[in-house]
Amino acid sequence: MQPPPANAIERLFAAAGQLPTIPRVVQKLIETLRDEDANLQPLIADIRTDPTISARVLRLANSGFYGTRRSVGSIDEAVTLIGTRAVRTLVISAGISGSFPKVPGVDLQVFWRHAMLTANVAATLAKRAGMNAEYAYSAGLMHRVGQLMIHIAFPRIADEIARDCQDLSVGERAATELAKLHTTHCEVGAELAMRWNFPDDIAQALQHYSQPQAGAEDALARLTHLAARIAFAIGDGIPAADIVGSLDAGLLDACGLSGAPLVEDIARCAEQAASSDPGI
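Residue numbers (UniProt numbering): 1 to 280.
Here it is, written out as structure tokens:
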């Protein structure tokens, strides 16, 4: 992937201070994303001994986004109900969202609800398209995390950008960020993903999701772009069929997504979002 402008990125991270920290067990689970044969059991065992992470994971497992049909009371029960890999996804989600306890000018409850919905949509679309659903979930979860870093580093400028770009597309927002900061939330998010040791494919998707290109290397970026658009539309209460009709046909074709199955997938994601815990 093309590196972002080093000076602007380094200046922003320096202004933000200490890098947002995630628990070591979460870091280890992120590293296992690269290895489909990784043994997750020892790391799942470590989660049981971390009451903070365990509590956040169980809250997510019971939130409605993950399709559990009954209350999940323990990490072992979560593994039984949704599987080890899904629990890994929950732990990573809990670790990332918990690494930003307070951000100036950002309603974190609203922010993370949209992020979780985008992640759920991205994973659902990835399964339909035959792509890596865990990569898609991670990219969807983190697609706007660069905005949090901008708010931490330069809160006044971040507030100006948020105000000026309230009704603009993500591509237009990125252009505004570039003009004011010489970098974008996409590049900042990609840099944070690399510093947290996420796979390069995820970092590249974050860097390019605002304006994905046609090449095969941007497949995950295209999916993330679509997932974010769909999540916003679900949040606005738009019916699934109308959402599909509003999406870029070229991007849908490039992802191999279309027709009634896509409408059904979006409707299911909307239903899960509607039944989810508003406090996540």
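No residue lacks a Cβ here, since even glycine has one placed at the ideal position from N, Cα and C.
DSSP places S71 outside both helix and strand once states are collapsed to three, so it counts as coil.
The segment 74-153 is shown to contain no whole beta strand (DSSP E) run of 3 or more residues. Contact annotation: T184 and A174 have beta-carbon atoms nearer than 7 Å.
In this structure, the beta-carbon distance from A136 to A115 does not fall below 7 Å.
D50 sits in coil when the DSSP states are folded into three classes, being neither helix nor strand. Three or more pairs of CB atoms, one per stretch, sit closer than 8 Å, so the segment 184-203 contacts the segment 30-42. S97 places its beta carbon 7 Å or farther from that of I75. Ranking D46, G189, R128 by CA distance to the CA of L252 puts R128 first.
In the three-state DSSP reduction, I238 falls in the coil class, being neither helix nor strand. With a 10 Å radius around the Cβ and a threshold of 16 neighbouring Cβ atoms, P42 comes out exposed.
Between A203 and A190, the C-beta gap is smaller than 7 Å, which places the two residues in contact. DSSP, reduced to helix, strand and coil, places A205 within a helical segment of the structure shown. In terms of Cα proximity to S99, the closest of V145, N39, L125, A240 is V145. Between the beta-carbon of L58 and that of V79 there is about 12 Å, and that puts the pair past the 8 Å contact cut. Taking C-beta atoms as the reference points, G140 and S275 fail to come closer than 7 Å.
DSSP, reduced to helix, strand and coil, places N7 within a helical segment of the structure shown. Here E172 carries a helix assignment [DSSP, helix/strand/coil]. Minimum Cα-Cα distance from P155 among the listed residues P51, Q166, M142, L181 corresponds to L181. Counted as a single uninterrupted DSSP element, the alpha helix (DSSP H) harbouring R163 occupies residues 155-164. Under the three-state reduction of DSSP, T183 is assigned to coil, being neither helix nor strand.
N132 and N62 have their C-alpha atoms roughly 24 Å apart. Ranked by Cα distance from V263, the options A273, P239, G256 are led by P239. Pairing T176 with L168, the inter-Cα distance amounts to about 10 Å. When secondary structure is reduced to three states using DSSP, L33 falls in the coil class, being assigned neither helix nor strand.
Our two residues, G259 and L226, have alpha carbons roughly 15 Å apart in a direct line. Look at I22 here: in three-state DSSP terms it is coil, with no helix or strand label.
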